[in-house]
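Participant: The following block contains the structure, expressed as structure tokens.
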Amino acid sequence: MKTALELRGIVKKFPHTVALDNVDFDLRYGEIHALLGENGAGKTTLVNIISGVYSADSGEIYLDGKRIVISSPRDAQKLGIVSVSQHPILVDSLTVLENLALALDMSPRDRKFVNELRKVIEGFGIRIDLGKRVWQLSASEKARVEIVKALLRDGKVYIFDEPTSLVGLKDRLTILRVMRQLKDSGKAVLFITHRVDEVFEIADRVTVLRKGKKILTKNVNEVSKSELLEAMFGKSLTDTDVRSMSRKERSSRRGEILIVDDLYVKDDTGRLKVKNISLKVYEGEILGIIGPADSGQRELMEAIARLRDVERGRIVIAGKEVTRLKSSDVRRLGVAYIPDDRLSTGSALTLSVKENLIMRDLDLYSTRLGFYKYDNDRLRSMLLKVGLPEDILDVPCADLSGGMIQRVILARELLNRDVRLVLASYPTQGLDHETTKLVHDMFILLRDKGCSILFTSEDLDEILALSDRIIVMTDGKVVYESDRRDVDVNELREMLA
Amino acid sequence: MSPVKIVVKRREKLSRKVKALYTAVAILVSFLIAAPIVAALGINPILFYKYLIVGSFAPYSIPLTIINLIPVALCCISAIVSFRAGLWNIGQDGQYIMGAVFLLWIASLIPNVPPPLSYVLVVILGGIAGGAWCLICGVLRAYTEANEAVTTLMMLYIASSILNYLCYGPWRSSIGFPETFPLPQNYQLPNIGPITSAIIALAVLTFLAWLILDRTRLGLEMSILAEGTRVIDYIGLRYRRLICIVMFLSGFYAGAAGSLYLSYAAKFLEPGFIAYYGFSGIIAAWLCELKVEYSILASLLLAALYSSSYTMQATLNIPSYMIDALEGLLLICILLVHFFTRYRVEIRFISSSSKSSRK
Amino acid sequence: MRFLIIVNGILERATVYLLATEGSLIVQRAGLLNLGIEGFFAIAALVAYAVAVYSGNIVLAFIAAAVSALAFNMIFTVLTVHLRLNHIVSGLAVSMLGLGLSYSLGVSLVGIPLPSSISMPIVNVLGLELDPMILMSIIVAVLLWYLLYRTKLGYQIRIVGENPHVADRLGVPIDKVRYIATAIEGVLVGLGAAYYSLVVIPEWSTGVTLGKGWLAIALAMFSLWHPIYAIGGSYLIACSDSLARVLPLLGVPVSPYLLYALPYVLTIAALSIVSYVEIKKKRLGIPTALAKVYSREERARKYT
Chain A
0 MKTALELRGI VKKFPHTVAL DNVDFDLRYG EIHALLGENG AGKTTLVNII
50 SGVYSADSGE IYLDGKRIVI SSPRDAQKLG IVSVSQHPIL VDSLTVLENL
100 ALALDMSPRD RKFVNELRKV IEGFGIRIDL GKRVWQLSAS EKARVEIVKA
150 LLRDGKVYIF DEPTSLVGLK DRLTILRVMR QLKDSGKAVL FITHRVDEVF
200 EIADRVTVLR KGKKILTKNV NEVSKSELLE AMFGKSLTDT DVRSMSRKER
250 SSRRGEILIV DDLYVKDDTG RLKVKNISLK VYEGEILGII GPADSGQREL
300 MEAIARLRDV ERGRIVIAGK EVTRLKSSDV RRLGVAYIPD DRLSTGSALT
350 LSVKENLIMR DLDLYSTRLG FYKYDNDRLR SMLLKVGLPE DILDVPCADL
400 SGGMIQRVIL ARELLNRDVR LVLASYPTQG LDHETTKLVH DMFILLRDKG
450 CSILFTSEDL DEILALSDRI IVMTDGKVVY ESDRRDVDVN ELREMLA
Chain B
0 MSPVKIVVKR REKLSRKVKA LYTAVAILVS FLIAAPIVAA LGINPILFYK
50 YLIVGSFAPY SIPLTIINLI PVALCCISAI VSFRAGLWNI GQDGQYIMGA
100 VFLLWIASLI PNVPPPLSYV LVVILGGIAG GAWCLICGVL RAYTEANEAV
150 TTLMMLYIAS SILNYLCYGP WRSSIGFPET FPLPQNYQLP NIGPITSAII
200 ALAVLTFLAW LILDRTRLGL EMSILAEGTR VIDYIGLRYR RLICIVMFLS
250 GFYAGAAGSL YLSYAAKFLE PGFIAYYGFS GIIAAWLCEL KVEYSILASL
300 LLAALYSSSY TMQATLNIPS YMIDALEGLL LICILLVHFF TRYRVEIRFI
350 SSSSKSSRK
Chain C
0 MRFLIIVNGI LERATVYLLA TEGSLIVQRA GLLNLGIEGF FAIAALVAYA
50 VAVYSGNIVL AFIAAAVSAL AFNMIFTVLT VHLRLNHIVS GLAVSMLGLG
100 LSYSLGVSLV GIPLPSSISM PIVNVLGLEL DPMILMSIIV AVLLWYLLYR
150 TKLGYQIRIV GENPHVADRL GVPIDKVRYI ATAIEGVLVG LGAAYYSLVV
200 IPEWSTGVTL GKGWLAIALA MFSLWHPIYA IGGSYLIACS DSLARVLPLL
250 GVPVSPYLLY ALPYVLTIAA LSIVSYVEIK KKRLGIPTAL AKVYSREERA
300 RKYT
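Residue numbers (numbering that gives the first Met the number 0), protein chains in the order written: chain A, 0 to 496; chain B, 0 to 358; chain C, 0 to 303.
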């Protein structure tokens, strides 16, 4: 088979991390090549370099044996490199048709083009409403549009960046089918994933990245699952090993730290996302919430953390009604909130790590007259506790990697003051193995000290490993609630599938 | 695909020395570019440069430079306060006018306040008026989201209309010129030797600004304001109130600049009272990279330009607007420094020779 | 008769505002907040006047004004699009340079009248003296509406202003689109400025253009960046502008100096009301990335 794309000695540095360290990689026509690695391994950076979003610091890229430089996403498209992004690249205010036309560099007013478009889409057997505006679409519909967008472009190389992670089962099958079709028609397909099972399901060859370095490239039929896992994580370990946690048997039920009663919450566009939710969190327990993406988990957490207005209902924390209070008020009650949106909510990117560490607890760090005082020794020891180097106090947060930023957030939320309730929205999403483990360890430790934790996750294994009680949320409602001990794992899996 | 690609990359932090060097080069370059423009006006560029230096830093020019320094430096701090919070108050000149107008009005009502107190009143009355004038835009920004860069500019023209109205109308004191009655004697800041005592007010106000911005909780909250509403909600700050505080404080400094200038230099109002110190202040703010501790140094350069422009107008008959153009050039060059200290530009040549694939 | 003169004055002033507003509107739609407009308005007004005085050819004067404004506007485009610098400060720099150059180079033109050959062909409709530019400004508004909502380039301009990250990933050539938008702005504002110095105020005096450019930015905003609404906005401000001239003539005891502030007061009021009613709703389809520097690889930057 002919080589389509070849990368040689690619290096990409960010201010405090080396994202890709001298990576070689090749992709052939008529194959599906899986790029495997845990979060933070450098997969997305590599994809961004191929699709023109980033430019590499050094290294060479060849397409069909010719040296190329890709300096913008437009360049990449002109060269025939088509990417399907995990988060669909669409303009909310425009219709599906207008989005597709723009992506293909055509005018949405061109009748002939529109007719052709309709025919092509029907040919693929994918159902989408061309007249709908993107903000009206559900997550799976958006994913479908994203796939169609890629199919309409006549490319040589197709990049699928974790396309299956946010869609339902049916759409997942569609995506896999599309990938096979592309392969059969002789295209080169690059498939980025962090799920080992998917590699065996569909790929011909696999390349593993770990911490920015290439570990191996092999034919899939010549490699075992444990070999891949070892390559990904650096040491021999299995799926269950990662999640083995100590679980203390809880004594009899203690007092309620959080009561949510008949809660209704809207999202930014004014749609009702949380409908009639009532729940309780007891002292010294971990309550895990799982459910399909975008079922109102985020809005629920934001409402409890007092970042979002409540339409109806009541929130009581530690015996005090907080329904109309501000986030700083509940913070003083000992509530920590770890938002899912680390970059634009959880941290002030242009400010230094030092300022980020104190900004939610200014009352602790300022005198009566309003002058603030840094306790540098204390801040440094906080950094050490979350495994960060202590000399980054004056570095702006924008220069840190995602994992490091999450550690700064953890330090600020959990170590500044005595915490009684932790609200964590997808606290490990997109994080590398080590940071994920740190989050889990800190949660367990806090729970054992009597603190309560309410967290959401999309990872059933994580929910099962951490939670004392489990809630399933779909479409803004609680549809299942059970003690961890009484959970029928198979029933739960079916409910989520 | 063209064989030459220009790639712009972020660079590692530069040392302070290198940055200072870049800035010095930028200032020189902007002066050099001015030469052909001056020549176009029919003036020998060498003479232009001579008066540029003599007109600002010769011993007899220094008091004039300092007279200009005070309003420029205060407008510079006004800009720093709002820019750091991500708000764009660029109507300092309007607040400057209102500060002076309000001082003249109140002082004419209570002309007999004894000196030490009256001097304090100069700063406070002007500051409050400028702050209130700017606060109007702050309130509009906070409660209606009207763009404050645009509204502060509009308010500048409104203030300038009010100034003209007063000078030609109710406050006009002589038949000949559109001048108002003078500021009562008690409110006129005296000189200490050849230099005005307003320099003390400048020192105190600069120190206070540094204290507020770099040492208080309010200063940190203001920097967080620049990060956007989601972080603000997360921390639980009062977004609207914070905007209003920032805009008032920013206007306070510009207003104090106006009342001080009236008190130690102008003594009465006339339509020409608006000297566009505000725009110079914005340039100075960019020159000192929004750091209060360097604001006076940066403002000194702009103030020097002002005083040399007087000399040049008198001796070379260069229109004073020439200095505005030079200021614009200077700001563009400073902006270029910001680019080159933040990014590296790489030019990459791609050999078009194709490589045979290994397979 | 006096009434017709007043109406004619309004038409002429509205034409200036409309051309400048349409220009500012299109760059704002592309996400650029160009405060430099004040500067190249002044430059173009001067160039038009100078060319008119020396050549006596009105067409040449208009062309020269458009070209000079376009060229001058490129300084802003390079600073903000390529060098990723702060829009507001870059715009102020261009404005200062433009105002300074225009007024200092224009000193020699003060008091020199326009040659008699400089006049517009006029069509008399019901006593109103209409010239081609008045009509053209309306046509420009309609054409821009067509451009923005009916052509590929229009879609590209709108999404670049709404979400440059998505536009970039969709393969829209952001830099090119922004260049085109600023070029259109340069030409339109240049024509408006030429009309101002040659027809509306047919003489040159220092400071004659002050504030006109910046007013156009606010006009574009409170017209919700819609080319057709901008016609209404421009005529409204032109009316208030004329009031300052007309009321004293009619013997109304108001100081003309205070009336000069009227267009600005009205603009602030209109901008606030429209912002409150429309923009706060987080309505889709407006340039939400206005004045934000786009830099592909960077997450966040201080003071921009």
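Beta carbons are placed, not taken as given, at the ideal position from N, Cα and C, and that holds for glycine.
Bear in mind the structure is a predicted one, so any value in this text is a computation, not a measurement.
Compute the beta-carbon to beta-carbon distance between K211 of chain C and A68 of chain C, rounded to the nearest angstrom, for a pair I have assumed lies under 8 Å.
Facilitator: About 13 Å separates the two Cβ atoms, so there is no contact after all.
Participant: Just verifying my parser: in three-state terms, what is the DSSP assignment at E144 of chain B?
Facilitator: If DSSP states are grouped into helix, strand and coil, E144 of chain B belongs with coil.
Participant: Taking 8 Å as the CB-CB limit, is M105 of chain A close to chain C?
Facilitator: It does: the Cβ of M105 of chain A has a partner Cβ on chain C nearer than 8 Å.
Participant: For the region 79-100 of chain A, enumerate the residues whose C-beta is nearer than 9 Å to any C-beta of chain C, in chain order.
Facilitator: Result list: S82, S84, I88, L89, V90, D91, S92, L93, E97, N98 and A100.
Participant: Any heavy atom of the ligand FMN closer than 7 Å to the CB of Y238 of chain B?
Facilitator: For the structure depicted, the ligand FMN is absent and the ligand set is empty, with no information on it obtainable.
Participant: Give the interface partners of S222 of chain B over in chain A, defined as CB-CB distance under 9 Å, in chain order.
Facilitator: Those within 9 Å of S222 of chain B in chain A are A347, T349, L350 and E354.
Participant: Classify V203 of chain B: buried if its beta carbon has 16 or more other beta carbons within 10 angstroms, exposed otherwise.
Facilitator: By the 10 Å Cβ count, V203 of chain B comes out exposed.
Participant: Note down, in chain order, every chain C residue with its Cβ under 7 Å from the Cβ of R108 of chain A.
Facilitator: Those within 7 Å of R108 of chain A in chain C are R149.
Participant: So which of A:L286, A:G449, A:D340 and A:K274 has the shortest CA-CA distance to E461 of chain A?
Facilitator: Checked all of A:L286, A:G449, A:D340 and A:K274; the closest Cα to E461 of chain A is A:L286.
Participant: Determine the direct distance from the alpha carbon of L262 of chain A to that of R242 of chain A, and round the result to whole angstroms.
Facilitator: A caution first: R242 of chain A carries a pLDDT of 42, below 50, which makes its placement in the model too unreliable to give a value.
Participant: Fully enclosed by the region 306-372 of chain A, which alpha helix (DSSP H) runs are 4 residues long or longer?
Facilitator: DSSP runs (the alpha helix (DSSP H)) wholly in the region 306-372 of chain A: 326-331 and 352-357.
Participant: Output yes if chain D places a C-beta closer than 8 Å to the C-beta of R10 of chain B; else output no.
Facilitator: Considering every chain present, this structure includes no chain D. Its protein chains are A, B and C.
Participant: Against chain C, which members of the region 51-64 of chain A pass a CB distance test of less than 7 Å?
Facilitator: If the cut-off is 7 Å between Cβ atoms, the region 51-64 of chain A has V52 and Y53 near chain C.
Participant: Run through the region 121-176 of chain A for me and flag every whole alpha helix (DSSP H) of 4 or more residues, listed as ranges in chain order.
Facilitator: Entirely contained in the region 121-176 of chain A, the alpha helix (DSSP H) runs reaching 4 residues are, in chain order, 138-151.
Participant: Could you confirm whether any beta carbon from chain B is found closer than 8 Å to the beta carbon of T16 of chain A?
Facilitator: No - not a single Cβ of chain B is within 8 Å of the one on T16 of chain A.
Participant: How would you list, in chain order, the residues of chain C whose beta-carbon sits under 7 Å from the beta-carbon of R73 of chain A?
Facilitator: Ordered by position in chain C, the residues that pass the 7 Å Cβ test against R73 of chain A are G170 and P172.
Participant: Compute the beta-carbon to beta-carbon distance between S351 of chain A and D393 of chain A, rounded to the nearest angstrom, for a pair I have assumed lies under 8 Å.
Facilitator: Contact holds; Cβ gap of about 5 Å.
Participant: Which residue's Cα is closest to the Cα of T434 of chain A: A:I256, A:E37, A:E354 and A:E5?
Facilitator: The shortest C-alpha separation from T434 of chain A is found at A:E37.
Participant: Short of 9 Å Cβ to Cβ, which residues in the region 125-138 of chain A face chain C?
Facilitator: Of all residues in the region 125-138 of chain A, R132 and W134 have a Cβ within less than 9 Å of some Cβ in chain C.
Participant: Quick check on DSSP: helix, strand or coil for S92 of chain A?
Facilitator: DSSP places S92 of chain A in coil when its eight states are reduced to three.
Participant: Touching or not, the region 229-242 of chain B and the region 362-380 of chain A, by the rule of three or more beta carbon pairs under 8 Å?
Facilitator: No, the region 229-242 of chain B is not in contact with the region 362-380 of chain A.
Participant: How long is the line joining the alpha carbons of S294 of chain C and A148 of chain B, rounded to whole angstroms?
Facilitator: Each residue's Cα considered, the two are about 22 Å apart.
Participant: If we define contact as Cβ-Cβ less than 8 Å, is Y233 of chain B a contact residue for chain A?
Facilitator: Y233 of chain B counts as touching chain A.
Participant: What first and last residue would you give for the beta strand (DSSP E) that runs through A313 of chain B?
Facilitator: First-last for A313 of chain B: S294 to T314, but that is the alpha helix (DSSP H), not the beta strand (DSSP E).
Participant: Helix, strand or coil: which one does DSSP assign to F454 of chain A?
Facilitator: DSSP places F454 of chain A in strand when its eight states are reduced to three.
Participant: According to the neighbour-count rule (16 or more other Cβ atoms, all chains shown, within 10 Å of its Cβ), is R209 of chain A buried or exposed?
Facilitator: R209 of chain A is buried by the Cβ-count criterion.
Participant: Chain C beta carbons: is any one of them nearer than 8 Å to that of F338 of chain B?
Facilitator: Closer than 8 Å to some Cβ of chain C, the Cβ of F338 of chain B qualifies, so yes.
Participant: Name the residues in the region 25-52 of chain C whose C-beta lies less than 7 Å from a C-beta of chain A; which are they?
Facilitator: The region 25-52 of chain C vs chain A, Cβ under 7 Å: nothing.
Participant: Give the range of the beta strand (DSSP E) segment to which G93 of chain B is assigned.
Facilitator: Note, G93 of chain B: premise wrong, no beta strand (DSSP E); alpha helix (DSSP H) at Q91 to L108.
Participant: Any idea which residues DSSP pairs M472 of chain A with across the strands?
Facilitator: M472 of chain A is bridged to A:V477.
Participant: Would you report the Cα separation of S307 of chain B and A40 of chain A, rounded to the nearest angstrom?
Facilitator: So the alpha carbons of these two residues sit roughly 60 Å apart.
Participant: Using a Cβ-Cβ distance under 8 Å, would E277 of chain C count as near chain A?
Facilitator: Chain A, which has no Cβ nearer than 8 Å to the Cβ of E277 of chain C, makes this no.
Participant: Counting along the chain, where does the beta strand (DSSP E) carrying N85 of chain C start and finish?
Facilitator: No beta strand (DSSP E) contains N85 of chain C, which DSSP labels as neither H nor E.
Participant: Could you work out which residues of chain C lie near Q405 of chain A, taking near to mean beta carbons separated by less than 8 Å?
Facilitator: The premise fails here: Q405 of chain A is roughly 14 Å from chain C at the closest Cβ pair, so nothing lies under 8 Å.
Participant: Say whether chain C places a C-beta atom closer than 8 Å to the C-beta of P318 of chain B.
Facilitator: So, interface residue.
Participant: For P163 of chain C and A288 of chain C, what's the separation of their Cα atoms in angstroms?
Facilitator: If you take the alpha carbons of P163 of chain C and A288 of chain C, they lie about 7 Å apart.
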